[in-house]
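Trainee: Protein chains in written order, with full-length UniProt numbering: chain A, 1 to 697; chain B, 1 to 697.
Ideal Cβ positions, reconstructed from N, Cα and C, are used throughout, including at glycine.
Only a predicted model underlies this, so the values are computations on that prediction, with no experimental measurement involved.
Quick one: structure below, then a few questions.
Protein chains: 2
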Amino acid sequence: MEELVGLREGSTGKPVSLPELWGPCPRICQGIRGGLEWLKQRLFRVGEDWYFLAALGVLMALISYAMNFAIGRVVRAHQWLYREVGDSHLLRYLSWAVYPVALLSFSSGFSQSITPFSGGSGLPELKTMLSGVVLENYLDIKNFGAKVAGLSCTLATGSTIFLGKVGPFTHLSVMIAAYLGRVRTTAIGESENKRKEIEMLTAAAAVGVATVFAAPFSGVLFSIEVTSSHFSVWNYWRGFFAATCGAFTFRLLAVFNSEQETITSIYKTRFRVDVPFDLPEIFFFVALGAICGVLSCAYLFCQRNFLRFMKTNRFTSKLLATSKPLYAALAALILASITYPPGVGRFMASRLSMGQHLASLFDNNSWALMTRNSSPPWPAELDPQNLWFEWYHPRFTIFGTLAFFLVMKFWMLILATTIPMPAGYFMPIFIIGAAIGRLLGEALSVAFPEGIVSGGVVNPIMPGGYALAGAAAFSGAVTQTISTALLAFELTGQIVHALPVLMAVLAANVISQNFQPSFYNGTIMAKKLPYLPRIRSRKIGSYPVIVEHFMNTSITTLAKDMPLEEVLKVVTSTDVTRYALVESAESQILVGTVERTQLVQALQAEPASWTPGQQVPHRLAPVPQYCLQDILAGGCPTQPVTLKLSPETSIHQTHSLFDLLNLQLLFVTSQGRAVGSVSWVELKKAISTLINPPAPK
Amino acid sequence: MEELVGLREGSTGKPVSLPELWGPCPRICQGIRGGLEWLKQRLFRVGEDWYFLAALGVLMALISYAMNFAIGRVVRAHQWLYREVGDSHLLRYLSWAVYPVALLSFSSGFSQSITPFSGGSGLPELKTMLSGVVLENYLDIKNFGAKVAGLSCTLATGSTIFLGKVGPFTHLSVMIAAYLGRVRTTAIGESENKRKEIEMLTAAAAVGVATVFAAPFSGVLFSIEVTSSHFSVWNYWRGFFAATCGAFTFRLLAVFNSEQETITSIYKTRFRVDVPFDLPEIFFFVALGAICGVLSCAYLFCQRNFLRFMKTNRFTSKLLATSKPLYAALAALILASITYPPGVGRFMASRLSMGQHLASLFDNNSWALMTRNSSPPWPAELDPQNLWFEWYHPRFTIFGTLAFFLVMKFWMLILATTIPMPAGYFMPIFIIGAAIGRLLGEALSVAFPEGIVSGGVVNPIMPGGYALAGAAAFSGAVTQTISTALLAFELTGQIVHALPVLMAVLAANVISQNFQPSFYNGTIMAKKLPYLPRIRSRKIGSYPVIVEHFMNTSITTLAKDMPLEEVLKVVTSTDVTRYALVESAESQILVGTVERTQLVQALQAEPASWTPGQQVPHRLAPVPQYCLQDILAGGCPTQPVTLKLSPETSIHQTHSLFDLLNLQLLFVTSQGRAVGSVSWVELKKAISTLINPPAPK
C-alpha cells in the first residue's frame, strides 16, 4: 500500500501536503514524509530500468492486441465477402484469391519501398546485432511503420499464405526498446555502455515473443536461445519482468474486450489429467521426436536450396530485384489457388484460420475412431463448434487429409518464405509439427483402439498429446531450441505431458543439430551476415591451435615518431576505422589506438602547410619537424587498449572472449610489441579450417 | 528405430553377423553394414558426453529413489511404533522424540567424522567452485558415503526436523559427475579443459534438482540461477538431457513400483481449470508476493544473525566445536518436543510428513468455508483421505493453526539450519511459503465467500492457488531466483496460474534482492568463501574506476637475467604459486609465468653448488655466472600469459572478464612492462569501496 502511495505521488508530481491533512501530529507526519521520500528515492534508484521495461511491455502488448483486433476485422470481412458473393465459382474464386494477392503485393511493395530491412522475420539480423555487430539503421524507428503495416497485411491473409508474427514482433519490440533507450539517453543524459544496451535489447526480444503467445517463461527462454549465445543470470529479471508486463497486458485486453472471462492461455486444451498417456507411449513420443528431427532436416535443406535457387536463377532473381510486388502477387496467387476451399483446399482444411488449425489439432478426441463407423459429410460452412470436421473428407479420411496437408504446406511454406515482406515463420512450423504429431497420434489410436493396456487399466490414446509433442519437437528442431517444449505448455495451459514432450524435443534437436544449421543460422549464412561459428569441443585437433597461427599480421601501425608525411600516406592509403598506435617505429610497443576520423580531423586542423601536395620538409633536414606525437599532443584523442591477446592464446580462449564479450577486434602483443590483430574474419577462417581441414596436396 | 539397432549393437559389443542372416543379398547387407558402421561412428563421436550425462541422470535417479524408499520404510516403522506403544504419554513421547534425537546425532556425528565438508546443503560451496575457485577435496568421492548416510538419517526424521534434500542432492550429483569425469579421463586419456569440466558440473547440478522434484525444466533453470552467474546457450542441452534422463528414470521407478499408474508430477493438484482465478485476484497475488518478499527479508536477516550469534556465543561455539552430535541431539530434542502431536504439535499439523504438508496446502477447497458451519473434532489418527483435518483444531480454527505453524516453523527452521549435518533448506522454505499463501487465501475466501464477482460470473476463491503462489514466491525470494515459479507448475502438473504466480515471484524478488543477500550468498559470506560481488549498473560512480586504481602493484617478478642467488631468495621469501617472468630486471617486459613448484624442482635438480647456504659467486666476478635463463633453458617449463589487462581497463570490463571466464588472476601490462596484477581479492576490495565509499576524513 505504501508503494502505491509513493507511486501516486510520483506520478502526479505534486505531493499531497501532509501537514494540511494531519496537522495535529507533526511527528507522525514527519515520519511518514521521511518514509515516502525514502521510498521515492528507492523507487527512482531502481526505477529507471523498471519504468522502461514496464512501458516496453505494455506498449508491445497494446500493439500486438491492436494488430490482432484489426486483422480479425479484415479476416471477418473477407469471410463475409466469400460467403455472400453467391454460388458462382468464378466469383467465389476471385473473392478468395484477390484478397491475399492485393494484400501481399501491398505488404511487399510498401514495406520494401520504405526500407529493405523490413523483410523476413528479423530474428537472424537481431542475432547478429546482439552479438555486437552494428547493422546501420536496422533498429531505426522509421522502419517501424513499414514493418507494422506490412506485417498486418501479411497476417490478414490468414491461413492462405500461412505465416506468423513472432519474428517481426521481436524485431518491432527491439526497435521500440532502442528508440526508448535513445529517448532516455537524451532525457537523462546518461550514456549507457554497450553491454547494458545489449542486455536491454535482449529483454526486449523476450517481450516480442511473450506478447505474441502470452507466454512469459518461454518468451524469455526462446528469445535467449534464438538470439544469444550466452546469458547473464543477473539480467534474467529484466526479461522476465518485461515479458510478464507484456503478457499480462495482452491477456488483460482480451478480458476487457470480453473475449475471455479471466486471464488464461491462448490455445487452451482439455487433455485427460489422471492418466494423460500410458508408459509405453513414451517410446512413440521419442519416435515422433526423431521423425520431426528428420523432417526438419529435410525442410531446412530444401528451404536453403530453394532460396539459393531463387537467387541464382536468372528469371526469379531479376523478378525479385526489380518488381517485388509482382513476385509477391504471383506467389500469393499460387498459394490462394491451391487453398481455394471448393478446389484442393477442402483436402487441407484451408477454411480454418491458423489459430483454428492449432486449436483443432490439439483436440483430445481421436478423429479416426470417431469417423470409423459414421462418416459426416464435408460441411458446406465452417462449423465453429466442430472445427475438426474440416480435417475429415469422406473420400480421403483423416489420414489422407493430414498427409496431404503436410505435403502441400511443406513446399507452400518454402515458397512463402521467399516473398520479401515482413512475416514470421515460427507459427507455420509449429502448426506443421502439430499436424505431424496428429497424424502419428491418429495412426496409433487406430492401431491400439483400446489404448495401450499396461497394468490392467485401459486408457485410450489421445492424438492431441502427440500433436502437442509434434509441434514442440518440429519447431524445436527447425529453430534448434529446447524451450519450444515449455512454449507448448504455456500456450495450452496444461503441463501434463511434461516429460514426453521434452523427450521428443530433445530427440528432434539431436538429429537436427547434427545435420543442419538452424533456420536462423541458415538465414544468417544465406544473407552473408557476420557470425561467429561454434567450435565443437569434440574437435580435438582444435586444441593446439593458437592465435599466432591465424592472426592478421599485416596490421597498420602508426608510430608516435612518424613524420606527418608518412602518417598522411598511411591515412590516405588504408581504410580501417582504427589504427594501432605504437611508441616508436622501431620498438613497436603498443600504447593505444586512434580513430581514423578523429585523426583526419586533427590533420585537417593543422597549419595549412601540412595539407597534402605541398612540399614536406625532409626527415633529416634541419628544419623543425612535426611528427604524429605533436598532433596527438595537440588534441587528437587516443584510446587505451584495455585487453590484449598473446600469440600463444588458444583459439578456444579467443573464441570465448569474442563470444562472451561481444568483441570485434583484439590486438595481439608479444612482449609489448604489436604483432597482429584478430577479428571475426580471422577467427571464422581459423574455425572453418578446423572444421574442414584443407586437403593435403 | 535405426538408432536402437545401433545402440543395441554398441551395448553388446558383438555385432550380429549380418551375412549369416541375409546371405542372399550381399549388396543390401553391405549397405546396411556401412550404415550401421557410420551410425556407430556418429554415435560415438557425439556420444561420449551423451553416455556420460545419461549415466549420471540414471544413477542419480536410482540413488534418489532408493533413498526415498529406505526413508519411507524407516518413517513407517516410526509411525507404527508410535501407534502401537500404548496410551501412556511418557512412552508415546519417548517413542516420538528418541527417534529423531538418535538419527540426528548419528547423522551429525557420522558425516562430520568422515569429512567436515558434508555439512549443510553444499550449494554455496558449489557456487564458489563453479565460479572457478578450487576447493580441495570438496568433490572427493569419499565424501559421498558420508553425505548419503547423513542425509538419509536427516530425512528419516520427517517433518519433525523439517529439512529437505535438494541442496545435498545437487552436491552428490556434482560429486558423481566429477568422479565419472576422472574415470573417463583415465580411461580415454583425453584431458579436459577447465571450461568443459565446469559445464559438465553445471549439468550435474541440474540433475540433482531434477531427480528430487522430477522437474527437468526448473531443475536446469534453478540450478543455473543458484550456481552460476552466466550460462552458455550452446551447453544448454547438456543440462536438459541429463535432467530429463534423471527425472524420467526417477518417475519410471515409481511406476514400476506400482506407486503410480503412469509418469506424472509429484504433488498433483486439481485446481479448477475454466476460471482458476478472477481478474481482481491478480492484485492479491501480487500483494502475496510482496508479503513473501518482506517475510523472506526477515527470515534471511534472522538466520544470518542467529548463525553469527552461534559462532560468537562462548557456550554454543564451544559445543559446536567439540561435540557436534550432542548439539544435534539437543536441537533435535527441542524440535521433537515441540512437534509432539498430543502437545503443541497438534496446533501445527505435525503428524503430516513434508510431502503431506505440501499436498494438503495445495488442496483446492476452502477449509475456512468448509468448517464454518460444522467443526470436525481433531482426529485421533491421521486420516490419509482428509489430510487437511490436521490443519483444523476446534479451538484454534484454520487461521490459528496456520499462523501458529508459521511462527513456530520460522524459528525452528533457523534452529535446524545450525545443526552441522547434510540437509537441504529449500523444501522447508517452500512449505512455509505455501502456508503463508494458504493463510492469505483462506482469509480471502472468508472475506469473499461468494468469490470476487466480476462480469456477473461467480467463481469461488481457491486458497490452493495462493498456497502455490506463496510457495513459489517465498522460496524464490529466499533463494533470489525466478524459476521457482516454474518449479511450482512442474511439481503440481498444472500451469493454470502461470501469470499470477510469476507476478508474485517477481514482486517477492524485487523486495528481497534490494534488501538482503540471497540465502546462498549469505552463507558464502558467513563461511568466508571467496566470491565476486556484483557491480550494480546504477552505481554511476563506478564507471571511471580503472584497473590502475586498484591493482596490486607489488608483484614479485623474476627477471631472466637474475642471478640464481636472488632467485633463491625470492623463492624462499615469497609464497605465491606462480611468478611473473620478465625479460630483464630493467625492462620488466612480461614474457610468461613460471610455477613455483616447477621452479623449486628445477632449482633442486641443478648442480649441488647451487643449494642454499653455499657461497654464490658475485655477479660481477669473472667466474662464469648462472642466471635464471639457464635454469629455464635447462628444462623448467614456463607458461605464456594469454591475456593481459591494461592499467586503463575499466572495473566493469575486468569484472566481466573474471566473471565470464572464471579467472583467478590477470597480469597488468603497460607498454609490455608488467606493472601489476589483479585477482579476486583486489577486485572485491575495489567493488566494496564503490558500494561503501570510505568516509571523507
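Which word fits Asp383 (chain B), buried or exposed, when buried means at least 16 other C-beta atoms lie within 10 angstroms of its C-beta?
Mentor: Asp383 (chain B) is exposed by the Cβ-count criterion.
Trainee: Roughly how many whole angstroms lie between the Cα atoms of Thr316 (chain A) and Ala329 (chain A)?
Mentor: Going from the Cα of Thr316 (chain A) to the Cα of Ala329 (chain A) covers about 13 Å.
Trainee: Nearest-angstrom Cα distance between Val623 (chain A) and Glu565 (chain A)?
Mentor: At Val623 (chain A) the pLDDT is 48, less than 50, meaning the model places this residue with poor confidence; the figure from the coordinates comes in the next sentence. Roughly 14 Å between the two C-alpha positions.
Trainee: Starting from the C-beta of Ser105 (chain B), find all residues in its chain whose C-beta is less than 6 Å away, skip the five residues before and the five after it, and write them out in chain order.
Mentor: Result list for Ser105 (chain B): Pro325, Ala328 and Ala329, in chain order.
Trainee: Report yes or no: do three or more beta-carbon pairs, one from the region 549-567 of chain A and one from the region 332-350 of chain A, lie closer than 8 Å?
Mentor: No: the two stretches stay apart, fewer than three of their Cβ pairs being nearer than 8 Å.
Trainee: Can you say whether Asp49 (chain B) is buried or exposed, counting buried as having 16 or more other CB atoms within 10 angstroms of its CB?
Mentor: Per the 10 Å Cβ criterion, buried.
Trainee: Throw me the rounded Cβ distance for the Ser646 (chain B) and Val681 (chain B) pair, which I believe falls under 8 Å.
Mentor: Wrong, their Cβ atoms sit about 20 Å apart, outside the cutoff.
Trainee: Pull up the distance between the alpha-carbon of Thr649 (chain A) and that of Arg673 (chain B), whole angstroms please.
Mentor: C-alpha separation (whole angstroms): 18 Å.
Trainee: Can you check whether the CB of Met462 (chain A) is closer than 8 Å to the CB of Pro276 (chain A)?
Mentor: A contact, by the Cβ cut-off of 8 Å.
Trainee: Identify the continuous alpha helix (DSSP H) that holds Phe222 (chain A) and give its terminal residues.
Mentor: Run containing Phe222 (chain A): Pro216 to Thr227, per the alpha helix (DSSP H) assignment.
Trainee: Measure how close the beta-carbons of His230 (chain A) and Phe240 (chain B) come, nearest whole angstrom, since I'm counting them as under 8 Å.
Mentor: Not confirmed; about 16 Å, so no contact.
Trainee: Could I get the ranges of all uninterrupted alpha helix (DSSP H) runs contained in the region 406-477 of chain A, with 4 residues as the minimum, in chain order?
Mentor: Listed in chain order, the complete alpha helix (DSSP H) runs (minimum 4 residues) inside the region 406-477 of chain A are 426-447.
Trainee: Return the chain-ordered list of same chain residues with a C-beta closer than 6 Å to the C-beta of Ser360 (chain B), the five sequence neighbours on each side being excluded.
Mentor: So the list reads Leu387 and Trp388, once near-sequence residues are dropped.
Trainee: How close, in whole Å, do the beta carbons of Ala507 (chain B) and Gly676 (chain B) come, if the pair is a contact with beta carbons under 8 Å?
Mentor: Wrong, their Cβ atoms sit about 45 Å apart, outside the cutoff.
Trainee: Do the region 512-524 of chain B and the region 297-309 of chain B meet, that is, are 3 or more Cβ pairs less than 8 Å apart?
Mentor: Because the criterion of three Cβ pairs below 8 Å is met, the region 512-524 of chain B and the region 297-309 of chain B touch.
Trainee: Applying a beta-carbon distance threshold of less than 7 Å, which residues of chain A neighbour Arg534 (chain B)?
Mentor: In chain order: Trp234.
Trainee: Taking any Cβ of chain B, which residues in the region 68-93 of chain A have a Cβ under 7 Å from it, in chain order?
Mentor: If the cut-off is 7 Å between Cβ atoms, the region 68-93 of chain A has nothing near chain B.
Trainee: Measuring alpha carbon to alpha carbon, tell me which of B:Glu136, B:Ser173, B:Phe213 and B:Ser131 ends up nearest Thr484 (chain B).
Mentor: With distances taken between Cα atoms, Thr484 (chain B) lies closest to B:Phe213.
Trainee: When you compare each of A:Ser118, A:Ile436 and A:Thr593 to Thr642 (chain A) by their alpha carbons, which one comes out closest?
Mentor: Residue A:Thr593 is the option with its Cα nearest to Thr642 (chain A).
Trainee: Distance check for Trp367 (chain B) and Ala435 (chain B), CA to CA, integer angstroms please.
Mentor: Computed Cα separation, rounded: 13 Å.
Trainee: Is there a Cβ from chain B that is less than 8 Å from the Cβ of Arg272 (chain A)?
Mentor: Judged by the 8 Å Cβ criterion, Arg272 (chain A) is not in contact with chain B.
Trainee: Please check the pair residue 698 (chain B) and Leu201 (chain B), which I expect to be a contact at CB under 8 Å, by giving their CB distance rounded to whole angstroms.
Mentor: There is simply no residue 698 (chain B) to check, as chain B begins at 1 and stops at 697 in what is shown.
Trainee: Could you check the C-alpha separation between Leu440 (chain A) and Asn365 (chain A) for me, to the nearest Å?
Mentor: Rounded to the nearest angstrom, the two C-alpha atoms are 14 Å apart.
Trainee: Give me, in chain order, the residues of the same chain whose beta-carbon lies closer than 7 Å to that of Ala156 (chain A); leave out the 5 immediate sequence neighbours on both sides.
Mentor: Only Ile71, Val74, Val75 and Leu103 meet the Cβ criterion.
Trainee: What residue from A:Met412, A:Val220 and A:Val174 has the CA that sits closest to Thr160 (chain A)'s CA?
Mentor: For Thr160 (chain A), the nearest C-alpha among the options comes from A:Met412.
Trainee: Pick helix, strand or coil for Pro124 (chain B), following the three-state DSSP scheme.
Mentor: Pro124 (chain B) falls in the helix class under three-state DSSP.
Trainee: Which residues does DSSP pair with Arg578 (chain A) in a beta bridge?
Mentor: According to DSSP, which records beta bridges pairwise, Arg578 (chain A) is partnered with A:Glu595.
Trainee: Short of 6 Å in beta carbon distance, which residues of its chain neighbour Asp363 (chain A), apart from the five on each side in sequence? Order them along the chain.
Mentor: Counting only Cβ-Cβ distances below 6 Å, and skipping sequence neighbours, we find Trp388 and Gly464.
Trainee: Applying a beta-carbon distance threshold of less than 7 Å, which residues of chain A neighbour Pro640 (chain B)?
Mentor: Those are Ser646 and Glu648, listed as they occur along chain A.
Trainee: Can you look up Arg673 (chain B) in the DSSP assignment and give me helix, strand or coil?
Mentor: Of the three classes helix, strand and coil, the one that applies to Arg673 (chain B) here is strand, per DSSP.
Trainee: Straight-line CA distance for Leu603 (chain B) to Gly635 (chain B)?
Mentor: Whole-angstrom Cα-Cα distance: 11 Å.
Trainee: Is Arg673 (chain B) close to chain A, meaning its C-beta is less than 8 Å from at least one C-beta of that chain?
Mentor: Interface residue, yes.
Trainee: Quick one: is Leu406 (chain A) near chain B, going by C-beta distance under 8 Å?
Mentor: No, because no Cβ of chain B sits closer than 8 Å to the Cβ of Leu406 (chain A).
Trainee: Let's test the definition: count the other Cβ atoms within 10 Å of the Cβ of Val582 (chain A) and tell me whether it reaches 16, buried, or not, exposed.
Mentor: Looking at its Cβ environment, which holds 16 or more other Cβ atoms inside 10 Å, Val582 (chain A) is buried.
Trainee: Could you tell me the alpha carbon to alpha carbon distance between Leu663 (chain A) and Thr262 (chain B), rounded to whole angstroms?
Mentor: Near 50 Å, if we compare the C-alpha coordinates of Thr262 (chain B) and Leu663 (chain A).
Trainee: Name, in chain order, the residues that DSSP records as bridge partners for Asn552 (chain B).
Mentor: Its beta-bridge partners are B:Ser677.
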